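A.B. asks:
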Amino acid sequence: MTLVQSESVRLDPERLGGLYRQLGDAGAEDVVCRAIEELAVRLSHCERHWRQGDWRSLRKCARSLIAIAEQIGMVALARVARSVTDAVDNGDQVATSAVLFRLIRVGERSLTEVWDLQDMSI
2 MTLVQSESVR LDPERLGGLY RQLGDAGAED VVCRAIEELA VRLSHCERHW
52 RQGDWRSLRK CARSLIAIAE QIGMVALARV ARSVTDAVDN GDQVATSAVL
102 FRLIRVGERS LTEVWDLQDM SI
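So, in structure tokens, the structure goes:
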């Protein structure tokens, strides 16, 4: 038996649309591209902190993901990052591990979704 994990992601197109209206195409694309790059880096940092058992840094890194994800409308990613911080705060290492790897799956899917959405608007 193989367990297939599929995560659905939720993007807030209004948030992205608001960025484009507020900053114009070039400005919004710059913000979105930088946010995508930063999210990818921070997701990998979260995993590294978890492997090192550095719970304080993991919490700080997951917390920073929330603000970036919300800025570009990655609702599901922000929600799961909050769950990581909650699990760390509760001192539950098993839950932290489970939610962290869900965060990574949702993060990868979210990055792909927002990249594809951005490609469609170009």
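Residue numbers (my numbering): 2 to 123.
We put the beta carbon where it would ideally sit given N, CA and C, even for glycine.
Bear in mind that the values here come from a model prediction, so they are computed numbers and not experimental data.
Near Glu15, what residues of its chain come up, given a Cβ to Cβ distance below 8 Å and the 5 sequence neighbours on each side ignored?
C.D. replies: Taking the first residue of the sequence shown as position 1, residue 15 is located at position 14. Closer than 8 Å at the Cβ level, and outside the excluded window around Glu15, lie Gly74.
A.B. asks: State the Cα-Cα distance for the pair Ile123 and Asp93, rounded to the nearest angstrom.
C.D. replies: Looking up residue 123 in the sequence shown gives position 122. Looking up residue 93 in the sequence shown gives position 92. With a pLDDT of 44 at Ile123, under the threshold of 50, the predicted position of this residue should be treated as unreliable, though the coordinate-derived value follows. Rounded to the nearest angstrom, the two C-alpha atoms are 44 Å apart.
A.B. asks: Using 9 Å as the threshold, is the C-beta distance between Gln53 and Leu20 below it?
C.D. replies: Position 52 of the sequence shown, counted from the first residue, corresponds to residue 53. Position 19 of the sequence shown, counted from the first residue, corresponds to residue 20. Cβ atoms of Gln53 and Leu20: not closer than 9 Å.
A.B. asks: May I have a chain-ordered list of the alpha helix (DSSP H) segments no shorter than 4 residues that lie completely inside the stretch 47 to 87?
C.D. replies: Within the stretch 47 to 87, the complete alpha helix (DSSP H) runs of at least 4 residues are 56 to 72.
A.B. asks: Mark Thr97 as exposed unless 16 or more other C-beta atoms lie within 10 angstroms of its C-beta, in which case mark it buried.
C.D. replies: Locating residue 97 in the sequence shown gives position 96, where the first residue counts as 1. Buried is the call here.
A.B. asks: Report yes if the C-beta distance between Leu44 and Leu17 is below 9 Å; otherwise report no.
C.D. replies: If you number the sequence shown from 1, residue 44 lands on position 43. If you number the sequence shown from 1, residue 17 lands on position 16. No, the Cβ-Cβ distance between Leu44 and Leu17 is not below 9 Å.
A.B. asks: For Val95, is the classification buried or exposed, using 16 other Cβ atoms within 10 angstroms of its Cβ as the cut-off for buried?
C.D. replies: Within the sequence shown, numbered from 1, the residue matching residue 95 stands at position 94. With fewer than 16 Cβ atoms within 10 Å of its Cβ, Val95 is classed as exposed.
A.B. asks: Going by the CB atoms, is the gap between Ala77 and Ala63 shorter than 9 Å?
C.D. replies: In the sequence shown, the residue the question calls residue 63 occupies position 62. In the sequence shown, the residue the question calls residue 77 occupies position 76. No, Cβ-Cβ distance for Ala63 and Ala77 is not below 9 Å.
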